[in-house]
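> Once you've had a glance at the structure underneath, I'll fire off some questions.
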Amino acid sequence: MTDRHDLHAAAAGRDRPRTPGRWHPLAAALVTIGTMTLGMQRGATAGAEGGPRPNVVLMLADDQGWNGLSVAMAPDVAGGGKDGFRTPNLERLAAAGMRFSAAYAPAPVCSPSRISLQTGMSPARLHWTKAAPREAGRRLLEPQNIRDIPESLTTIAELLREAGYATAHYGKWHIGGGGPGAHGYDEHDGDTGNEHAFRFTDPNPVDIFGMADRAAAFMERSRDAGKPFFIQLSWNALHAPENARRATLESYGASGDDVDKRTATLAITADLDEGVGRVLEAIERLDLGRKTFVLYLSDNGSGGGGRNATLSGGKGTLWEGGIRVPLIVRGPGVAPGSWCHVPVIGYDLLPTLCDWADVAPAKRAVTLDGGSIAPLLAHDGHGVVRRPREELVFHFPHYQGGEGPHSAIRLGDMKLIHFHETDTSRLFDLSRDRGERVDLAERDPDAARRLRTLLDEHLVASNAQMPARNPDFDPAAPAVERRRGGKRGGPRRPDARPDGEARP
Ligand SMILES: [Ca+2]
Numbered sequence: 491m492t493d494r495h496d497l498h499a500a501a502a503g504r505d506r507p508r509t510p511g512r513w514h515p516l517a518a519a520l521v522t523i524g525t526m527t528l529g530m531q532r533g534a535t536a537g538a539e540g541g542p543r544p545n546v547v548l549m550l551a552d553d554q555g556w557n558g559l560s561v562a563m564a565p566d567v568a569g570g571g572k573d574g575f576r577t578p579n580l581e582r583l584a585a586a587g588m589r590f591s592a593a594y595a596p597a598p599v600c601s602p603s604r605i606s607l608q609t610g611m612s613p614a615r616l617h618w619t620k621a622a623p624r625e626a627g628r629r630l631l632e633p634q635n636i637r638d639i640p641e642s643l644t645t646i647a648e649l650l651r652e653a654g655y656a657t658a659h660y661g662k663w664h665i666g667g668g669g670p671g672a673h674g675y676d677e678h679d680g681d682t683g684n685e686h687a688f689r690f691t692d693p694n695p696v697d698i699f700g701m702a703d704r705a706a707a708f709m710e711r712s713r714d715a716g717k718p719f720f721i722q723l724s725w726n727a728l729h730a731p732e733n734a735r736r737a738t739l740e741s742y743g744a745s746g747d748d749v750d751k752r753t754a755t756l757a758i759t760a761d762l763d764e765g766v767g768r769v770l771e772a773i774e775r776l777d778l779g780r781k782t783f784v785l786y787l788s789d790n791g792s793g794g795g796g797r798n799a800t801l802s803g804g805k806g807t808l809w810e811g812g813i814r815v816p817l818i819v820r821g822p823g824v825a826p827g828s829w830c831h832v833p834v835i836g837y838d839l840l841p842t843l844c845d846w847a848d849v850a851p852a853k854r855a856v857t858l859d860g861g862s863i864a865p866l867l868a869h870d871g872h873g874v875v876r877r878p879r880e881e882l883v884f885h886f887p888h889y890q891g892g893e894g895p896h897s898a899i900r901l902g903d904m905k906l907i908h909f910h911e912t913d914t915s916r917l918f919d920l921s922r923d924r925g926e927r928v929d930l931a932e933r934d935p936d937a938a939r940r941l942r943t944l945l946d947e948h949l950v951a952s953n954a955q956m957p958a959r960n961p962d963f964d965p966a967a968p969a970v971e972r973r974r975g976g977k978r979g980g981p982r983r984p985d986a987r988p989d990g991e992a993r994p
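If you want my numbering, it's the position in the sequence shown, counting the first as 1, plus 490.
Right, here's the structure in full:
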């Protein structure tokens with residue numbers, strides 16, 4: 491907190507007055523007490539239908555951009571189909587379910603989004619806000635992240651397993667801590683990172699079809715055992731797009747080994763969609779459609795080649811292109827072909843699944859940042875998500891996507907992005923400017939100030955780590971480029987624990 495204060499003062503070139511009580515040590519405790527009430531609120535149990543608890547299949551794509559599907563993610567935007575994306579199975583899923591036009595990943599990068607999804611807590615609160623290594627020689631020092639999901643946190647799988655669910659996690663885990671088996675998953679692929687999947691090529695690119703088949707088998711076993719199930723499929727795609735099946739690549743006109751990234755991305759997206767289709771077929775074949783929720787989302791925006799469409803920025807930034815992601819939900823009580831425009835975020839899923847699974851409120855984590863979206867799903871996309879705080883806050887006190895350390899807040903339709911190096915903010919009205927092209931900060935300084943204050947309060951209440959002034963910063967020296975994670979580093983030794991910081 492002191493660093494943060496010093497930072498602001500330094501950046502502004504003045505000593506910023508402290509707000510009385512702003513750093514009060516009771517703040518964190520009060521937040522905890524405040525959020526305890528969260529467990530008391532119960533959304534409509536959309537899936538219950540008065541019958542047995544629903545199954546849940548949660549699919550998480552990797553680096554899939556907001557408009558990287560052939561199905562549109564907002565009524566006023568053409569789908570990615572016009573750019574060559576072919577996702578007929580996701581089109582069918584959308585036609586049978588609800589699309590969220592304002593769904594957010596908790597973070598603009600992998601691991602922070604994933605741990606947030608597992609725990610219902612924000613990356614800022616978890617102190618895991620970046621996946622790649624920190625950069626040296628910059629004006630600000632990036633805070634140190636945790637590197638493994640701690641034992642002390644309660645995951646979605648732990649809550650559902652205790653409630654009687656069979657639980658499985660397939661694909662990319664990427665948050666260490668001993669892997670999914672140590673965090674509530676009965677069946678899983680181990681403590682995997684990106685490298686794990688790179689060896690899977692045609693006919694099973696990045697293990698898409700292997701994962702789908704294991705999920706199908708798990709569903710059948712659970713059904714036969716009379717148990718509800720929760721399966722998370724953390725697809726490795728769109729990583730290693732060059733691994734796409736040869737036939738798919740050729741369908742996009744590629745020949746030989748020299749495939750450009752754009753074509754490869756289209757091809758692996760089509761392969762991924764076929765894997766999604768295989769999972770959906772299994773649900774139908776096992777006659778589980780009426781009691782199974784299927785959720786599909788991405789862990790962060792596209793970093794290039796994967797289409798964020800009209801949105802600004804991409805992976806590693808808090809512009810909409812880095813955090814707004816596709817989200818489609820199908821299931822009992824969800825109106826086919828419906829839309830929800832209420833902002834929702836990845837850490838809302840834990841309370842949502844708890845609602846569906848009838849997890850007793852007292853058993854849920856004490857400090858949650860998310861709220862259940864079950865009421866939205868049950869009421870044609872209308873309603874409110876009851877989170878401890880109304881605003882959504884995103885925190886990326888790091889260098890990666892070219893913006894330097896920055897944080898963002900969305901309240902209603904207004905969004906403010908604050909850049910810590912320069913202590914400057916930009917303000918946007920997302921209701922008319924989803925692309926964040928018109929900065930309103932000067933036109934409406936009061937709104938900017940209000941959001942800035944709220945952002946600061948939120949970060950303090952979350953005990954967020956802030957970037958600090960780098961006393962050794964030399965403006966004349968070139969910044970040290972971050973070490974590129976060994977994407978093609980070959981299979982990992984089973985005993986090799988990846989440095990958490992090296993998770994891209
Ligand atoms: Ca990712």
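No residue lacks a Cβ here, since even glycine has one placed at the ideal position from N, Cα and C.
Computed from a prediction, not measured in an experiment: that's the story for all the values here.
1) Quick one: any contact between the segment 894-906 and the segment 856-875, if contact means 3 or more CB pairs under 8 Å?
2) Looking at the strands, I want to know which residues DSSP matches up with Y594.
3) Quick one: grab the DSSP three-state call for H673.
4) Under a Cβ-count criterion, where at least 16 other Cβ atoms within 10 Å of its own Cβ denotes burial, should T527 be classed as buried or exposed?
5) Could you give the distance in angstroms between the alpha-carbon of G891 and the alpha-carbon of A754?
6) Please confirm whether any heavy atom of ligand 1 lies closer than 7 Å to the CB of D697.
7) Shortest alpha-carbon distance to T807 belongs to which of G674, P816, N790?
8) So for I1005, helix, strand or coil by DSSP?
9) Skipping 5 residues on each side, what residues in its chain have a beta carbon closer than 8 Å to that of P693?
10) Rounded to a whole number of angstroms, what is the C-alpha to C-alpha distance between P826 and N960?
11) At which residues does the alpha helix (DSSP H) containing R752 begin and terminate?
12) Can you say whether F708 is buried or exposed, counting buried as having 16 or more other CB atoms within 10 angstroms of its CB?
13) Per DSSP, which residues does V883 bridge with? Please list them.
14) Just to confirm, are A705 and D761 a CB contact at a threshold of 8 Å?
15) Check the C-beta distance from R797 over to F575 and give it rounded, since I have them as a contact under 8 Å.
16) Once the 5 residues before and after S591 are set aside, which same chain residues still bring their CB inside 8 Å of it?
17) To the nearest angstrom, how far is it from the Cα of P731 to the Cα of K751?
18) Give me the Cα-Cα distance between P718 and Y675, rounded to the nearest whole angstrom.
19) Looking at C-alpha atoms only, which residue of T682, V874, S606, P965 is the closest neighbour of H885?
20) In the DSSP assignment, find the unbroken beta strand (DSSP E) run with F690 in it and report its ends.
21) Can you tell me the Cα-Cα spacing of A938 and F688, whole angstroms?
22) Determine the direct distance from the alpha carbon of E625 to that of H617, and round the result to whole angstroms.
23) Just the Cα atoms here: how many angstroms apart are A536 and G683?
The answer reads as follows:
1) Touching, no, given that fewer than three Cβ pairs across the two stretches are closer than 8 Å.
2) Y594 pairs with R814, I835.
3) If DSSP states are grouped into helix, strand and coil, H673 belongs with the helices.
4) Unreliable positioning characterises T527 in this predicted model, as indicated by a pLDDT of 34, which lies under 50. A coordinate reading is not provided.
5) The alpha-carbon atoms of G891 and A754 are separated by roughly 22 Å.
6) For ligand 1, not one heavy atom lies less than 7 Å from the Cβ of D697.
7) Nearest of G674, P816, N790 to T807, Cα basis: N790.
8) The question about residue 1005 has no answer, for the chain in this structure spans 491 to 994.
9) Excluding residues within five positions, the ones whose Cβ falls inside 8 Å are F699, R735.
10) So the two alpha carbons sit approximately 53 Å from each other.
11) First-last of the alpha helix (DSSP H) with R752: 751-775.
12) Burial call: buried.
13) Note: V883 sits in a beta bridge opposite I899.
14) No, Cβ-Cβ distance for A705 and D761 is not below 8 Å.
15) Confirmed, about 7 Å.
16) Cβ neighbours of S591 within its own chain (closer than 8 Å, five residues either side excluded): M563, A564, P565, W829, C830, H831.
17) The alpha-carbon atoms of P731 and K751 are separated by roughly 7 Å.
18) Within the model, the alpha-carbon separation for P718 versus Y675 is close to 14 Å.
19) Ranked by Cα distance from H885, the options T682, V874, S606, P965 are led by S606.
20) First-last for F690: undefined, no H or E at that position.
21) Pairing A938 with F688, the inter-Cα distance amounts to about 45 Å.
22) So the alpha carbons of these two residues sit roughly 17 Å apart.
23) With a pLDDT of only 40 at A536, under 50, the local geometry of the prediction cannot be trusted, and the value read off the model is given with reservation. Counting only the Cα atoms, G683 lies some 34 Å from A536.
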